[in-house]
Amino acid sequence: MQYIVAVSPSDASQIYGFAQLTSGSSEPCIDVDPEKYPEPVELQRLYVGVEFAGKGVGKGLAREIERMAREMGRKTLWLGVCGITQPIVIRHTKSSSLCIMQRASHDA
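Just so you know, we're using full-length UniProt numbering here: the sequence shown kicks off at 1 and counts up by one.
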């Protein structure tokens with residue numbers, strides 16, 4: 001598990017956002033076709049403070065997570081989210097793919 005935290009350039013105690021990259025997790029969407037989704041790693045968490053939403057913090061965190069995944073030699077980066085019912089491939093290239101699928105709700 002690897003973490004990245006986005007902080008203010010002038011005050012490192014002011015946190016803008018947070019992301020977590022996790023190896024070893026699995027989902028049927030990914031496991032069903034290892035040739036299509038080789039060497040997966042999960043973007044397990046990505047949070048941005050409400051006051052920083054829409055300012056590029058999430059995009060920056062996602063880019064850094066993708067860089068970290070590539071550095072690890074991973075070819076598939078996936079994210080589980082609530083509220084959608086079918087896997088959606090957001091981006092798929094010869095070198096990488098991003099798959100988003102539904103996760104069980106934690107509201108119980």
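We put the CB at the ideal spot given by N, CA and C, even for glycine.
- Ala19: member of the beta strand (DSSP E) spanning 15-22, first to last residue.
- Its Cα nearest to that of Arg70, the residue Glu39 stands out among Glu39, Glu51, Gln20.
- Of the residues Thr76, Pro28, Leu43, the one whose Cα lies closest to the Cα of Tyr3 is Leu43.
- Contact check for Val41 against Leu77 passes: the beta carbons are separated by less than 7 angstroms.
- In the three-state scheme derived from DSSP, where H, G and I count as helix and E and B as strand, Gly60 is classed as helix.
- DSSP, reduced to helix, strand and coil, places Val32 outside both helices and strands of the structure shown, so it counts as coil.
- Taken atom to atom, the span from the alpha-carbon of Gly73 to that of Val7 is near 27 angstroms.
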